[in-house]
Every structure is written in structure tokens, then in C-alpha cells.
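Remarks on the structure that follows.
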Amino acid sequence: MGDGDVSDGNLDDEMPVSTLNVQAMSDEALVAQAQQRNEACMAALYERYYDRIYRYTLSRLGNQADAEDLTQETFLKMVDKLHTFRWQGIPFTAWLFRIANNSVVDMIRRRSRQPQQELNEAIPLESGKQVEEQVEFSLTLKEVITAMARLTSNQQEVLAMRFGAELSVKETAKALGKAEGTVKSTQLQALQALRRTVAHAGNSLS
Amino acid sequence: MRQNEHNHNMEELLEQALEAQEQGQSFEGLLSSHANAAQEITAMLSVASQVRSALTVSPNEEAKTATRFNVLSHAAQRRSAPWTHFFFTAFMLRPAAAVGIALLLLAVGSTSAVVASASALPGEPLYPVKTSWEQVQIALTFDEMAKGQAQAHLAQRRTEEIAQLADQGRGVPSDAVVRMSAQTETAMAGMAKGQDLTALSQQLADITERQQQVLERVAKAAPESAQPALERALEVSRSGHQKAQEAIETSRERQGRGSSDKSDKSDKGDKQDQPDGGGRATPERQNPSGATATATPQRTQTPVSTAERGKTARPTVTTTPEEGRSRQAPNADKTASSDNNNGKQNQKDENRAATGQNDNKGGPDLRRLPEEIIDRVREALGIGDRPRQQDTERQDKQEDKEKKKEDAPRREKNKSSEQQKKEGDSH
Numbered sequence: 000m001g002d003g004d005v006s007d008g009n010l011d012d013e014m015p016v017s018t019l020n021v022q023a024m025s026d027e028a029l030v031a032q033a034q035q036r037n038e039a040c041m042a043a044l045y046e047r048y049y050d051r052i053y054r055y056t057l058s059r060l061g062n063q064a065d066a067e068d069l070t071q072e073t074f075l076k077m078v079d080k081l082h083t084f085r086w087q088g089i090p091f092t093a094w095l096f097r098i099a100n101n102s103v104v105d106m107i108r109r110r111s112r113q114p115q116q117e118l119n120e121a122i123p124l125e126s127g128k129q130v131e132e133q134v135e136f137s138l139t140l141k142e143v144i145t146a147m148a149r150l151t152s153n154q155q156e157v158l159a160m161r162f163g164a165e166l167s168v169k170e171t172a173k174a175l176g177k178a179e180g181t182v183k184s185t186q187l188q189a190l191q192a193l194r195r196t197v198a199h200a201g202n203s204l205s
Numbered sequence: 000m001r002q003n004e005h006n007h008n009m010e011e012l013l014e015q016a017l018e019a020q021e022q023g024q025s026f027e028g029l030l031s032s033h034a035n036a037a038q039e040i041t042a043m044l045s046v047a048s049q050v051r052s053a054l055t056v057s058p059n060e061e062a063k064t065a066t067r068f069n070v071l072s073h074a075a076q077r078r079s080a081p082w083t084h085f086f087f088t089a090f091m092l093r094p095a096a097a098v099g100i101a102l103l104l105l106a107v108g109s110t111s112a113v114v115a116s117a118s119a120l121p122g123e124p125l126y127p128v129k130t131s132w133e134q135v136q137i138a139l140t141f142d143e144m145a146k147g148q149a150q151a152h153l154a155q156r157r158t159e160e161i162a163q164l165a166d167q168g169r170g171v172p173s174d175a176v177v178r179m180s181a182q183t184e185t186a187m188a189g190m191a192k193g194q195d196l197t198a199l200s201q202q203l204a205d206i207t208e209r210q211q212q213v214l215e216r217v218a219k220a221a222p223e224s225a226q227p228a229l230e231r232a233l234e235v236s237r238s239g240h241q242k243a244q245e246a247i248e249t250s251r252e253r254q255g256r257g258s259s260d261k262s263d264k265s266d267k268g269d270k271q272d273q274p275d276g277g278g279r280a281t282p283e284r285q286n287p288s289g290a291t292a293t294a295t296p297q298r299t300q301t302p303v304s305t306a307e308r309g310k311t312a313r314p315t316v317t318t319t320p321e322e323g324r325s326r327q328a329p330n331a332d333k334t335a336s337s338d339n340n341n342g343k344q345n346q347k348d349e350n351r352a353a354t355g356q357n358d359n360k361g362g363p364d365l366r367r368l369p370e371e372i373i374d375r376v377r378e379a380l381g382i383g384d385r386p387r388q389q390d391t392e393r394q395d396k397q398e399d400k401e402k403k404k405e406d407a408p409r410r411e412k413n414k415s416s417e418q419q420k421k422e423g424d425s426h
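Chains as they are written, first to last, in numbering that gives the first Met the number 0: chain U, 0 to 205; chain R, 0 to 426.
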């Protein structure tokens with residue numbers, strides 16, 4: 000090996016990072032390399048999913064610090080468990096979000112043992128907004144999180160995965176271990192409930 | 000039955016409309032054949048759009064970079080020996096437990112491996128021990144400024160490791176390049192937190208400049224297939240260098256604005272006790288010969304909120320408990336000596352030594368770490384103090400005071416007798 004060669008790391012089974020255009024690689028290829036302990040591929044997976052995992056945890060927990068912590072926890076677990084992942088019926092995205100969801104559920108359980116903060120406060124819509132003019136106003140993050148907190152846990156999961164993490168119905172179903180029909184049904188109920196909640200808040204201000 | 004069918008249709012219709020909306024397509028045509036449901040679906044699509052838009056938030060870049068560093072370090076540790084993985088994980092997830100583990104490891108004398116690993120390079124068996132130990136230092140660093148400096152030290156250390164591998168004509172593992180970039184990004188993120196921006200920014204500017212030299216040198220000899228990865232690493236360095244330069248400029252501008260006000264104050268300020276150094280030994284007092292670089296180690300500790308909350312550790316970096324000690328990383332010395340930048344660096348080192356500033360060039364001196372760690376562990380666990388220089392000093396001062404008190408009546412007596420003598424002479 001010559002001066003300055005970028006070698007393939009310390010393990011024989013690792014491909015040289017230089018030969019991989021990680022950004023163009025599929026999840027499957029990245030995971031396969033990351034399972035062989037290729038750090039560049041691990042980093043690429045992290046970059047690819049960080050924002051979505053963060054948005055998912057944020058929309059479930061409504062707190063930036065907790066969301067950041069759980070996002071880190073999700074990726075640390077990913078590193079620990081990646082060697083167990085097999086492409087058998089469940090895509091990597093769903094597998095990763097299942098980890099994230101389990102972490103969220105654990106945290107919510109821990110929170111439930113602590114005094115709860117009041118979540119039933121009125122959703123503060125900006126003055127003058129009419130719910131019937133929904134297209135013309137935009138809900139803030141706080142408004143959405145407050146409104147989502149009133150939904151059932153299942154509905155929150157589905158909305159957070161569908162609209163926070165931008166998963167498809169199929170991916171959401173796999174991540175939650177549910178049938179696609181159930182996800183669609185929950186999605187409908189969640190949006191109906193959310194619409195009512197927002198409408199109620201809007202009417203109370205109008 | 001009809002209700003079920005209606006719901007099912009609504010679910011399907013909603014999903015189709017959502018997909019169309021997501022892809023930016025019109026869904027009006029889709030709804031035109033479902034006039035009775037169109038209004039409700041439209042309203043739900045509107046809410047869905049608002050939710051999607053509201054949840055499209057950008058994460059905090061600093062937290063993202065920090066987590067990236069932790070995750071990649073964690074992955075790197077998993078490649079290494081199981082005990083180092085355990086060691087690192089313990090520090091990352093449970094700071095309190097980590098302190099206990101550090102104590103345990105110290106008790107069983109495992110630090111010999113740590114000391115031996117100080118000069119390990121990427122790919123060598125002891126390298127994971129070295130990086131694990133760095134994480135220990137990180138976990139036990141609480142002062143923000145020290146963290147910022149320590150982040151920079153690690154970035155520099157990663158750079159010099161690569162330079163040294165290249166010097167020796169050995170292959171540069173891909174991990175090493177990725178780790179260096181990750182560490183540089185973390186150090187840059189920490190720059191915003193630092194109070195002494197000028198010094199830290201200058202340090203980072205130097206490091207990133209050196210990094211570019213090293214990477215360009217490695218790139219010259221690397222095969223074509225390696226270039227994209229090296230280019231990415233170079234990009235991180237260039238971007239970091241630019242940010243550091245901007246920070247220096249900003250800092251200078253601020254200083255320029257305030258210089259006229261400060262000119263009078265500075266003379267007075269020099270004579271006053273430094274806010275963070277008031278309780279420490281002043282180098283001059285300790286060593287009048289001027290060897291001030293070996294002043295008492297700085298030991299500022301403020302428990303961070305994450306530690307208090309028992310949260311996962313942020314990417315804190317190794318401390319500089321050894322601040323004030325003259326030390327140089329063995330790796331850095333050899334490689335820097337062959338570098339053009341070396342003259343500049345040496346000049347800086349001399350200046351620092353002359354002004355009593357710390358030389359952190361080589362990062363923490365692992366040979367001195369056990370004592371530092373023992374101190375920190377003791378403090379963290381509240382198990383009593385080891386006699387320290389500061390304490391000794393304080394004690395000395397106290398003794399001086401008491402001595403002065405005792406001498407006071409004697410001096411008074413002497414004074415009065417002298418006065419009497421003078422009066423007698425005058426008569």
C-alpha cells in the first residue's frame with residue numbers, strides 16, 4: 000500500500016469507503032455495508048434518517064430536548080442491533096421506526112408515572128383565523144402538537160409516522176406491526192378528530 | 000354494513016387524495032366523482048397539509064452533529080474489544096454509572112493499557128483503548144470552554160494520526176477519515192458555545208488548515224476511487240476553516256469597537272485578579288524563574304444539565320484537565336516537524352510559553368490522566384479530597400495570615416520601642 004492510500008479499514012470484509020458513493024446507495028446496500036462495520040455507510044444511514052426520526056419523536060413527545068435524546072437513543076440502538084436485521088418482509092425504514100416507536104412508548108410510560116403537565120389548554124390559533132379558511136392559514140408546530148396530544152395513542156402514532164416522518168401507509172403498517180387497512184382507518188379517524196379539535200379551537204376564537 | 004362500506008370508501012379515498020397531494024398532483028378530479036364525501040375529504044386534506052407543514056421542522060444542527068459524533072463513536076467502539084464497548088456505552092448512557100466504572104477500572108489498574116495506548120494509531124490494537132479513554136475524559140468534562148478546547152484537540156489529534164500514517168507510508172483507514180471529519184464538525188459546533196471565541200476560532204482555523212494540507216497530501220497518493228471520500232472530508236475542513244475565519248473576524252471587529260473603552264481599563268484589569276484565576280496559584284508566585292507553563296491545572300467544574308437529568312450524554316469532549324501542563328502528543332510531534340506549518344506553530348508555541356499560556360497542541364497527556372480522573376471521580380462521588388496544590392496554597396495563605404496575626408503585637412511593640420528611642424534621641 001502506497002503513501003496515503005485510503006485503505007478499507009481494519010477489517011477484511013469492509014469495502015473501501017472510497018469506492019462507495021454512499022449518497023446514491025439504496026438502504027439495502029448501505030445496511031449491508033454498515034453491517035460489515037463500514038463507518039461511512041453507517042454515517043450515511045444516520046444522515047438519511049436523522050431528520051425523519053427527529054420529527055417523529057418531536058411530534059410524539061412535543062419537546063425538543065426529549066426528541067433529541069430519543070433520536071440519539073434510536074440510533075444507538077440501531078448500531079447495537081443492526082447485525083440482527085435481515086431483509087425478511089420488513090424494510091429497514093420500518094425496522095428503524097419500530098425502534099423509535101418503542102423508545103417513544105417507553106418514555107411516555109415513564110412520563111405517565113410523573114406528574115402530567117396540562118395538555119388540554121386551548122389551541123392558540125391566531126386571532127381572526129377561520130377554520131373554514133384552513134387553506135389560508137397555517138398551524139404552528141405548537142398548535143399541531145397540542146392538538147395531537149388529544150388524540151388516542153394509536154392515532155398519534157399514525158399521524159406522526161405519516162406526516163412527521165413521511166412514511167407511506169405500507170411502511171407505517173410495518174413499523175407498527177399492523178395491517179395497512181388498520182392504518183388507513185386510524186388515519187381517517189385521526190384526521191377527523193384533528194379537524195374537529197381545530198374547528199372547535201377556531202370557533203372559540205372567532 | 001353500509002356504514003362499514005362507507006368508511007372503507009372514505010379511507011381509500013382519503014389515502015388516494017393524500018398521495019396525490021403529497022406528489023403535488025390535483026385531487027379535484029378524484030373527488031368529483033364522490034360529491035358527497037368531497038367536502039369532508041377536502042377539509043381533512045387541508046388539516047393533513049397543515050400538520051405536514053408544521054411538522055417539517057429542521058433539527059438543531061448542533062444537536063444533530065453531536066448525536067452524529069456519539070453514534071459514530073459508538074459504532075467504532077463496537078468494532079473494538081467488548082470491554083471498551085461496555086466502557087464507552089456506560090459513559091454515554093449513564094454518566095453516574097460511568098464514574099463508578101472509571102473508579103473500578105482505576106482500582107484494578109487497567110490504566111496501564113490506557114497509558115500504552117497514547118501513541119496508538121488507527122488500525123492498531125490499542126487504538127480503541129485510546130479513543131475510549133478520550134470518551135472517559137469527555138464524560139468527565141463539565142466546563143463549556145474546556146469542552147470546546149478539548150473538541151478542537153481531538154480534531155487536531157485525528158488529523159495528526161492520519162498525517163503520521165501517511166508519513167509512515169501506511170494505508171489510511173476509511174474510519175480515520177470519517178472520524179476526523181465527524182470530530183471536526185463537532186469541534187466547529189462547539190465553537191459557538193465558547194466564550195473566548197478568538198482563541199478557539201484561531202485554534203480551529205489552524206487545525207482545519209493543517210487538515211487540508213494533510214488531506215491534499217493523502218489525496219495525491221490515493222487511487223481515483225478514494226477521491227470522492229477525501230473530497231468530502233476536504234469540504235468539511237474548508238467549510239470549518241471558513242467559519243473559523245469568520246468567527247475571528249467578527250471577534251476582532253467587536254474588539255476593535257471596544258478597544259478605546261478598554262484601553263484605560265486594561266491596565267487596571269491586569270492588576271486585578273482574574274475572575275477564574277483568583278483562587279489559583281499565580282505562576283509568578285509559584286515559580287519566579289518564569290516557567291509559568293506549569294501552573295496549576297484548571298479545574299472548573301459545573302455539572303451540566305444533562306448529567307443532572309440523567310440523560311444521554313451529549314458529545315462532550317475530552318477535557319483539558321492538563322491545561323497548563325507542558326505536554327505534546329507523541330503523534331503530533333513527529334508529523335508536525337516535517338510540515339511547513341511547523342515553523343508557524345513553533346512560533347505560536349513559543350509565544351504561548353512566553354506568555355504563560357497553556358500549550359494544548361497535543362491534547363490531553365494520557366500519562367497524567369489517572370490522577371486527573373481520580374480527582375474528578377472523587378469529586379463526582381463526593382468521597383473526600385485528595386490534597387491538591389490549590390488546597391495547599393490556601394492552607395499556606397491561611398498559615399501566613401495566622402503568622403501575621405501572631406507577629407502583629409510583636410511588630411506593634413517594636414514600633415513603639417523604636418518611637419520611644421527616637422523621642423529619646425531627639426531629647
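Just so it is clear, CB atoms sit at the ideal spot from N, CA and C, and this is done for glycine as well.
If residue i sits next to residue j, beta carbons under 8 Å apart, how far is it from one beta carbon to the other, in whole angstroms?
i	j	result
residue 46 (chain R)	residue 190 (chain U)	6 Å
residue 202 (chain R)	residue 240 (chain R)	Their Cβ separation, rounded to whole angstroms, is 12 Å, which puts residue 202 (chain R) and residue 240 (chain R) out of contact at 8 Å.
residue 181 (chain R)	residue 150 (chain R)	Actually they are not in contact, since the Cβ atoms of residue 181 (chain R) and residue 150 (chain R) sit about 11 Å apart, beyond 8 Å.
residue 39 (chain U)	residue 228 (chain R)	7 Å
residue 54 (chain R)	residue 162 (chain U)	6 Å
residue 148 (chain R)	residue 199 (chain R)	6 Å
residue 204 (chain R)	residue 247 (chain R)	6 Å
residue 43 (chain U)	residue 22 (chain U)	7 Å
residue 182 (chain U)	residue 143 (chain U)	Between residue 143 (chain U) and residue 182 (chain U) the Cβ distance is about 20 Å, and since that is not below 8 Å, they are no contact.
So with CB distances below 8 Å, who are the chain U contacts of residue i?
i	result
residue 483 (chain R)	Because chain R here runs from 0 to 426, residue 483 (chain R) falls outside it and cannot be looked at.
residue 177 (chain R)	16, 38, 39 and 42
Mind pulling the chain R residues with CB within less than 7 Å of residue i?
i	result
residue 206 (chain U)	The structure shown does not extend to residue 206 (chain U), since chain U is modelled only from 0 to 205, so the question has no answer here.
residue 50 (chain U)	58
residue 20 (chain U)	227
residue 70 (chain U)	66
residue 197 (chain U)	46
residue 58 (chain U)	54
residue 168 (chain U)	14
Are the C-beta atoms of residue i and some chain R residue less than 8 Å apart?
i	result
residue 102 (chain U)	no
residue 153 (chain U)	no
residue 78 (chain U)	yes
residue 212 (chain U)	Any question about residue 212 (chain U) goes unanswered here, given that chain U covers just 0 to 205.
residue 139 (chain U)	yes
residue 54 (chain U)	yes
residue 6 (chain U)	Low confidence applies to residue 6 (chain U): its pLDDT is 43, below 50, so where it sits in the model is not reliable enough to give any reading.
Mapping DSSP to helix, strand and coil, what is residue i?
i	result
residue 56 (chain R)	coil
residue 172 (chain R)	strand
residue 142 (chain R)	coil
residue 84 (chain U)	coil
residue 255 (chain R)	helix
residue 189 (chain U)	helix
residue 24 (chain U)	coil
residue 59 (chain U)	helix
residue 165 (chain U)	coil
residue 7 (chain R)	helix
residue 44 (chain R)	helix
residue 183 (chain U)	helix
residue 25 (chain R)	coil
residue 239 (chain R)	helix
Does any CB atom of chain U fall closer than 8 Å to the CB of residue i?
i	result
residue 63 (chain R)	yes
residue 236 (chain R)	no
residue 173 (chain R)	yes
residue 4 (chain R)	no
residue 9 (chain R)	yes
Which chain R residues are close to residue i, counting only those with a beta carbon under 8 Å from its beta carbon?
i	result
residue 162 (chain U)	47, 50, 51 and 54
residue 67 (chain U)	58, 59, 62 and 66
residue 41 (chain U)	70, 71 and 74
residue 143 (chain U)	49, 50, 53 and 54
residue 29 (chain U)	Per Cβ cutoff of 8 Å: no residues; residue 29 (chain U) is ~13 Å from chain R at best.
I'd like to know whether the C-beta of residue i is nearer than 8 Å to at least one C-beta of chain B.
i	result
residue 208 (chain R)	Of the chains in the structure shown, none is chain B; the protein chains are U and R.
Who are the neighbours of residue i on chain U, taking C-beta pairs under 7 Å?
i	result
residue 187 (chain R)	Those within 7 Å of residue 187 (chain R) in chain U number zero; the least Cβ separation is about 16 Å.
List, in order along the chain, the chain U residues whose C-beta lies closer than 9 Å to that of residue i?
i	result
residue 13 (chain R)	183, 186, 187 and 190
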